[in-house]
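Protein chains in written order, with our numbering: chain G, 54 to 331; chain R, 899 to 1047.
Here is the structure we will look at.
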Amino acid sequence: MKSVLIKTHEAWLEMLMAGFMSHTQSKQVLFDFSDILFRHFTWIEHAMIASGESYDYDRGNIPIKVERLEHLLKAITGRLLEIDLQLVGFEDRDLASRISSDINYMVGVLHEMNDEVVTAFGMERKLPGVTLTQEATDALTLFLFEESYKEYELIMIYNYLKAHSDDAYLNRIFQILVDESFFHLKQFGDMMAKMGILAVPRMIMKELYQVENVVAFLKDGINEELAAKEECKKLSDAVGNDSPVLARFFDFINNQENYHIALMKDALRHFEVKETNG
Amino acid sequence: MSLDNMVMEHMMNPKNYGTLASANAEGMGKNPLNGEKVAIYIHVKEDEEKPYIDDIAFQAIGCTTTIVAGSMLTEEAKGLTLDGARNLVEATMKLLEKLPEEDAACSEMVALGIKAAVDTYEKRKEDREYPMITYQIEGTCTPKEEEEA
């Protein structure tokens, strides 16, 4: 199962990247498919936990730099067919059949999808309709690299915590935080593709998600969210004169962090009460 | 960090990022002030007259500058003998002396990680179970004005 988990992880990110590259109605289809693959990932993970098989979130590099979308779609199709082949050895036949059915449908749709010219790697570092100073462009570029990785990291951490917790109250909070990070990742990834600097977030180190002290993790996390708010504020100020629209977007992201902090404080209180009551 | 196309290329496609299943030594460069760290994995080819690093990888908990420095320095280190790798670390540290502390800290962490991996390799020649060596950086990557705030 470990190999299927790794390949599904890779296929999920590859499909997400294809979504960022598309300029047509295929974009939403690719995003929906990447969501499906993420759910497959969580199902396989749960099956591994249930069977006591050890696993981690390591994966291989995912080459995405293509000139035409069809090249990436072919690579994704190849990866999906490889997963499908490996599902033959799954003990949980219901799970294998569910995933296999989804894969067969997705492969069919990908095969029929129209080709597009990919402009996500040109490094122009310009957003359509927005003129920024060199300083603001650099600040935005660094922000997008830092934060797209951070959102991926948060998705993986909260997903891992959720997979290893049977506390419904906490799991509700973790799921909201996963969903919020997905939204941010999609926003930032889309912006990176438009600027010609699309990149797959790097693999995260085990010690980040294999959290030993949840209380310390949540406390650190609240401080990190506060720092992220500060970064959004700085960026909004940096681009404010050149693009009020972009400034409003970063103010919106900044305000969303308040909700994340409130959720994390809620989780912290719940966890501390739980620990006190044994 | 000046974002020219070469730096952008390292940001978008960091070289040698990840772990190395065949590694025969690891090292860690660490910033004790903020918990940022760089793990370096090396495979030293031993059946040569002069052993050399024939493969290298890194992972980091750190900022984009750390990733760019890791990508560049591991590329430089690939193919070097152990003395060559030590010279690379020394030359990098000398170069970093000319930079402001907050700009130098990330690259220093990578350089010390490489040094730690090479030293771990040497120690393991005498004791195969020798634990991974960690070196801590002396600078800080926090800009002065943030420290004062």
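Yeah, the Cβ is synthetic: ideal placement off N, Cα and C, and Gly gets one too.
The stretch 181–215 of chain G is shown to contain no whole alpha helix (DSSP H) run of 4 or more residues.
With respect to the 8 Å criterion, residue 97/G and residue 58/G are classified as neighbours on the basis of their beta carbons. The C-alpha of residue 145/G is placed about 15 Å away from the C-alpha of residue 136/G. Residue 132/G is outside the set of residues whose beta carbon lies under 8 Å from a beta carbon in chain R.
A distance below 8 Å between beta-carbons, with the five flanking residues on each side excluded, links residue 976/R to the following residues of its chain, in chain order: 914, 951, 952, 953, 954.
The beta carbon of residue 228/G lies closer than 7 Å to those of 215 in the same chain, with the five residues before and after it left out. DSSP places residue 904/R outside any beta strand (DSSP E); the residue lies instead in the alpha helix (DSSP H), whose first and last residues are 903–910. DSSP places residue 118/G in no beta strand (DSSP E); its state is neither H nor E. Excluding the 5 residues flanking it on each side, residue 174/G has same chain C-beta neighbours closer than 7 Å at 118, 249, 251, in chain order. In terms of beta-carbon proximity, residue 915/R lines the interface with chain G, with at least one pair separated by less than 8 Å. For residue 903/R, the neighbours in chain G by C-beta distance under 7 Å run, in chain order, 176. Around the CB of residue 322/G, fewer than 16 other CB atoms lie within 10 Å, so the residue is classed as exposed. In chain order, 72 place their CB closer than 6 Å to the CB of residue 84/G, counting only its own chain and leaving out the 5 sequence neighbours on each side. With contacts defined by Cβ atoms closer than 8 Å, residue 238/G and residue 171/G do not form a contacting pair.
Only those residues of the stretch 226–255 of chain G whose C-beta falls short of 8 Å from the nearest C-beta of chain R are listed: 250, 251, 252, 255. Counting only the Cα atoms, residue 1015/R lies some 10 Å from residue 980/R. Per DSSP, the continuous alpha helix (DSSP H) segment holding residue 70/G begins and ends at 55–74. Close to chain G, meaning a Cβ-Cβ distance shorter than 9 Å, are the following residues of the stretch 937–962 of chain R: 937, 957, 958, 959, 961, 962. Proximity of chain R to residue 114/G at the Cβ level (cut-off 8 Å) is accounted for by 915, 916, in chain order. In this structure the stretch 61–72 of chain G lies against the stretch 86–97 of chain G, because at least three pairs of beta carbons, one per stretch, are closer than 8 Å. CA-to-CA, the gap between residue 125/G and residue 78/G works out to about 17 Å.
Between residue 965/R and chain G, the shortest Cβ-Cβ separation is below 8 Å. Those residues of the stretch 194–216 of chain G placed with their C-beta closer than 7 Å to a C-beta in chain R are 194, 195, 198, 199, ordered along the chain. In the three-state scheme derived from DSSP, where H, G and I count as helix and E and B as strand, residue 954/R is classed as strand.
Cβ-Cβ distances below 7 Å link residue 246/G to 73, 74, 173 in the same chain, with the five nearest sequence neighbours on each side left out; the list follows chain order. One finds 959 in chain R with Cβ atoms closer than 7 Å to the Cβ of residue 261/G, taken in chain order.
Just so you know, the alpha carbons of residue 148/G and residue 131/G end up roughly 21 Å apart. DSSP places residue 987/R in the helix class (H, G or I) of the three-state scheme. When 937/R, 993/R, 965/R, 985/R are compared, the shortest CA-CA separation from residue 926/R is found for 937/R. Under the Cβ distance rule, residue 998/R does not count among the residues neighbouring chain G, no pair being separated by less than 8 Å.
Listed in chain order, the non-local C-beta contacts of residue 162/G below 8 Å within the same chain comprise 82, 86, local neighbours out to five positions each way being set aside. Contact check for residue 978/R and residue 1008/R: beta-carbon distance about 15 Å, past the 8 Å limit, so the pair fails to qualify. For the pair residue 76/G and residue 188/G, the CB atoms are not nearer than the 8 Å cut-off. Short of 8 Å from the beta carbon of residue 110/G, and not among the five residues preceding or following it, lie these beta carbons of its own chain, in chain order: 62, 209, 213, 256, 257, 259, 262.
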